[in-house]
Every structure is written in C-alpha cells, then in structure tokens.
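Peer 1: Residue numbers for the sequence shown follow my numbering, so the first one is 1007 and each next one is one higher. Ideal placement from N, C-alpha and C gives every residue a C-beta, glycine not left out.
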Amino acid sequence: MKAKVTVLGAGFGGLELSTLLSEALGDQVDVTLIDKSGHFVFGYSKLDVMFGHKTLDAVRIPYRGFVKPGVRFLQQTITAIDPEAKRVVTDGGSYDSDYLVVALGADYDLAATPGLVEGGNEFYSVAGANTLRDLLPRFSKGHAIIGVSAAPYKCPPAPSECALLLHDFLSERGVRDRCEITMVLPLPSPVPPSPDTSRALVSAFAERGIRFMPGRAVASLDAKRRVAVLDDKSELPYDLYLGVPKHCPPAVVAAAGMADNGWITVDPRTLETRYEGVYAVGDIANTGTSKAGVFAEGAARAVAASVIAQIRGEDPSGRNPGAGSCYIEFGAGRIGRVDVDFFSGPKPTGIYHEPTVSMRADKELVGATRRTRWFGS
Ligand SMILES: Cc1cc2nc3c(=O)[nH]c(=O)nc-3n(C[C@H](O)[C@H](O)[C@H](O)COP(=O)(O)OP(=O)(O)OC[C@H]3O[C@@H](n4cnc5c(N)ncnc54)[C@H](O)[C@@H]3O)c2cc1C
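1. Within the structure, which residues are defined as neighbours of ligand 1 by a Cβ-heavy atom distance below 5 Å, reported in chain order?
2. Return the CA-CA distance between S1177 and P1143, expressed in angstroms with no decimal places.
3. DSSP three-state label for R1066, please.
4. In this structure, does DSSP put N1136 in helix, strand or coil?
5. Give the straight-line distance between the Cα atoms of V1272 and G1019, rounded to the nearest whole angstrom.
6. Within 10 Å of its beta-carbon, does M1189 have 16 or more other beta-carbons around it, so buried, or fewer, so exposed?
7. Using three-state DSSP, classify A1086 as helix, strand or coil.
8. Apply the 10 Å Cβ neighbour rule to G1319 and answer buried if 16 or more other Cβ atoms are within range, or exposed otherwise.
9. Restricting to Cα atoms, I'd like to know which of G1263, M1264, A1260 and V1224 is closest to L1248.
10. Terminal residues of the continuous alpha helix (DSSP H) containing V1258?
11. Should the region 1193–1213 be called in touch with the region 1156–1163, which here means at least 3 C-beta pairs below 8 Å?
12. Which partner residues does V1035 have in the DSSP bridge list?
13. Is the region 1344–1356 touching the region 1197–1216, taking contact as three or more C-beta pairs under 8 Å?
14. Report, in whole angstroms, the separation of the C-beta atoms of S1103 and K1010, which I expect to be a contact under 8 Å.
15. Looking at the strands, I want to know which residues DSSP matches up with L1236.
16. Determine whether the beta carbon atoms of A1308 and L1277 lie at a separation below 7 Å.
17. Any idea if P1212 is buried or exposed, counting beta-carbon neighbours within 10 angstroms, 16 or more meaning buried?
18. State whether the region 1111–1124 contacts the region 1021–1029, with contact taken as three or more CB pairs (one from each stretch) at a distance under 8 Å.
19. Write down the C-beta distance between S1155 and V1250 rounded to the nearest angstrom, noting that I regard them as a contact closer than 8 Å.
20. Could you please give me the residues that DSSP links to L1080 through a beta bridge?
21. Scan the region 1144–1215 and note each continuous alpha helix (DSSP H) run of 4 residues or more that stays entirely inside, going in chain order.
22. Under 8 Å by Cβ, that's how I've got E1090 and Y1285 pegged, so tell me the actual separation to the nearest angstrom.
23. If I'm right that V1077 touches L1039 with Cβ under 8 Å, what's the distance once you round it to whole angstroms?
24. Does DSSP classify S1051 as helix, strand or coil?
25. Less than 7 Å between C-beta atoms, sequence neighbours within five positions excluded: which residues of the same chain meet that for R1379?
26. Could you name the residues of the same chain whose beta carbon sits closer than 8 Å to that of V1055, not counting the 5 residues immediately before and after it, in chain order?
27. Which residues in the same chain have their Cβ closer than 8 Å to the Cβ of G1337, if we skip the five residues on either side of it in sequence?
28. Take T1293 as the anchor and find which of P1327, R1377 and T1375 has the nearest alpha-carbon.
29. Please classify K1074 as buried or exposed, where buried requires at least 16 neighbouring CB atoms within 10 angstroms.
30. Taking the straight line between their C-alpha atoms, what separation do you get for C1168 and I1317?
31. Just how far apart, CA to CA, sit V1095 and K1042?
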C-alpha cells in the first residue's frame, strides 16, 4: 500500500514539500495537496502590484501548472481537521492520511483593528494590494501612514520596503515634497535580528524624510476623522493609510484545537506537533523564526526528509535549519540582503549585505527558480 500524505495549503511550505516528496518517491507515494485558491502568489509580488510594477495577472501562478508524479492538487476549502485521526474534511470530501502536514499560513484578523478593511486599506492581501494600486496615483498631497497593527507579521522588512517604495513612487510623480510619510511599527527596529540592517533602513528613512515610529502599533482607524489611533491612545491624522493587519491562525486550525497562543506548537527542528504523524510548517508553526517564505521552505525540506525516511523504513532525519536570506527593496532600484540565522547561537543573528542594483537579479532568480521548480514555467 502506498503511504498517504495530506498537505494542507499550497503556499511556500506546501509546494516545496509536495515537490520533494514527488521527486524522491514519484508514484510510490500518494500525496494530496489541498488549497482553497486557484493560484499561488509570491508574498513580495504584493508590493509589485501595489506600486504598479506588475499586473495581477502577471503575478498569479495557476495551480493547474503544478503537475507532479504521485501528487494530486485539489482546489477545495478545508473545513475541519482531526489531528488525532489525521483526517481532513473539505467542501469536496474527507481525506485520511498516514502523514498530515499543516501548511495553512497566517490569516488576518481585521476586526482587531477597527477601521481596517480587507481589500481596502491594507497591502498584505492580494486584493488589498490591487485596490491600493488604483488609489496610490490619486494621492498627491498630505500624510501617508504605513501602519502595522501587531507583531508577529509576515516578512518583517516588508513595511520598511513599502515606505521606501512609496517615497520613490511619489518622487517620480513630482509630488514628494507635498507629502509626508510615517511608518508605525510595533517592533523596536525594522529587522531585530540584524542591527546593521536596521541601522541601514533607519538611515535610509532619515535621508528621505520618512518619519519612523518604532515600538508603537496602530490600534484603530477613525475613517470619518481620518485619524489613526495608536496603542498609547495618541492620534495621527492621515490622508492615505497603508496597513498591515494583525495576523492570526486560519479559523480551521483554531477550531481543531491545534493552535496554542495563536500558532501550532512544534519541535522547532523536526516540526513535529504533539500529534503523532502530524507536522506543521511555515507561518502557522511556532518555530521561533520569522514568518517568511524562506523559512517555510527550510521547514518543508526538513519534514520532507523525515517523511521520506519513514516511508523507506529509515529513521526520520530532517532538521529545520532556521536560517535563510531575505531580500530588501531599498528604493531607487537597489536591493539589500540579510542572512538570518535563528537557531545556531544563543540569540538570532543577521548578516547585512548593502543594497546594490545588481542584487535585483539574485532576488528575481529566487522567484524564477521556485516558479520553474514548482510550476514548470
Ligand atoms: C507584502 C509581503 C511581502 C513578503 N515578502 C517576502 C519576501 O521577500 N521573502 C519571503 O521569504 N517571504 C516574504 N513574505 C512572506 C511569505 O509570503 C510568507 O511567509 C509565506 O508565503 C509563508 O508560507 P506558508 O507556506 O506558511 O503559507 P502561505 O504561503 O501563506 O500558504 C498558505 C496557503 O493555505 C491556504 N489556505 C489557508 N486556509 C485554507 C483553508 N481553510 N482551506 C484551504 N486552503 C487554505 C491559502 O490559500 C494559502 O495558499 C512576504 C509577505 C508579504 C505579505
């Protein structure tokens, strides 16, 4: 009998895991990969869409292109998970498995920030980025706030990238001197594991006249008065609000009783949950790393190695490295990089690489290799 592996969520983690299982085991495994969406979008593509660098169609990669031996992709919504029985119920059926991997990512809790509207004034969903793409060209005067509601949030440098790209966008249109930009961030610095990266971003803000408010979160928005209320009750008036919502586990994970303090508790190295044969990878898992695709991918590789070994009758050996590189848009076409390592020292570390124009090719290669590897084009 073929081993059955059910992978919940076809994001960074689910796609890499399913690809590795297929490469190693081919038709000798029965992988069911389930996602409610019809297409994959890289997280950073939301910034490309928002600032009009790419169209929505260009960044949506249809799952019909994900064709691998031993893997079937189902576009269905998962409505219940029974981790004890390793059984999953969707709007299309019920699936039992020998190994269950939860890779459902992080959802957004819009209600936690009254006034924040999904697909309206936030840039963390594809719909939100697409709406802002139409709004941004109409913003020519006044105060823009890039506001983060809570940590943890996906890709810690992304709000900083948004601020620097907004500066460029307004400068190119000749209206920068009529606009103010403020970034409100609940973290003490833009990229806490790397003081050098944080310093470089903070001086890039200063050079461009971007006001940076660290250690503060946006608690609510009063749309009528066009005021953001911060967690210390102070108020900031705005003409344009670009928000990052509070993150939360998908409702189906919470309902399954799998999320403790928000996220699924795992062994950070093996990604095992407290349920036998059940793993969690990526943004949904509490590993201690940042919520970013690069860490989801590393975790997925570790789970793939362990599942493959067990199917072959060997000891599970996969180890999550908890390390990876994040590319950072510094504006003016330049990209920097930080190599972050969460596990090897007593504290997370980050090595900073100064931004250059040529680093863009490296970032594009990361996207292109994943696209080819997962979707064949
Ligand atoms: C603006 C922005 C910029 C970013 N830039 C970067 C970057 O430069 N580098 C980087 O490494 N990371 C970046 N990220 C973060 C990155 O996108 C995520 O961390 C990564 O996608 C997490 O992978 P994952 O597999 O855990 O979850 P996801 O990729 O989010 O995948 C989860 C999947 O689960 C599916 N799903 C959820 N609930 C259900 C359900 N009930 N039924 C069926 N399917 C469901 C979703 O449709 C989704 O496809 C960025 C994110 C944002 C928002």
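Peer 2: Concretely, from the data shown:
1. Proximity annotation: ligand 1 has residues G1015, G1017, F1018, G1019, D1041, K1042, S1043, G1049, Y1050, K1052, T1083, I1084, A1109, L1110, G1111, Y1130, K1160, C1161, A1164, P1256, V1258, G1288, D1289, K1297, A1298, G1299, V1300 and A1302 in chain order, each selected because its CB is closer than 5 Å to a heavy atom of the ligand.
2. 12 Å
3. coil
4. helix
5. 15 Å
6. buried
7. Per DSSP, reduced to three states, the secondary structure at A1086 is strand.
8. exposed
9. V1224
10. For V1258, the enclosing alpha helix (DSSP H) begins and ends at A1257 to A1261.
11. Yes: at least three Cβ pairs fall under 8 Å.
12. A1009
13. yes
14. 5 Å
15. V1224
16. yes
17. One point to set straight first is that residue 1212 is Ala, not Pro, in the sequence displayed. Its Cβ having fewer than 16 others within 10 Å, A1212 is exposed.
18. No: the two stretches stay apart, fewer than three of their Cβ pairs being nearer than 8 Å.
19. 6 Å
20. I1040
21. For the region 1144–1215, the full-length alpha helix (DSSP H) segments reaching 4 residues or more read 1164–1178 and 1201–1214 along the chain.
22. No, E1090 and Y1285 are not in contact; Cβ-Cβ is about 15 Å, not under 8 Å.
23. 6 Å
24. Three-state result, S1051: helix.
25. Excluding sequence neighbours, R1379 sits near T1025.
26. T1061, L1062, V1065, V1132, A1135, N1136 and R1139
27. Only L1170, L1171, H1173, D1174, A1210 and R1214 meet the Cβ criterion.
28. P1327
29. buried
30. 44 Å
31. 13 Å
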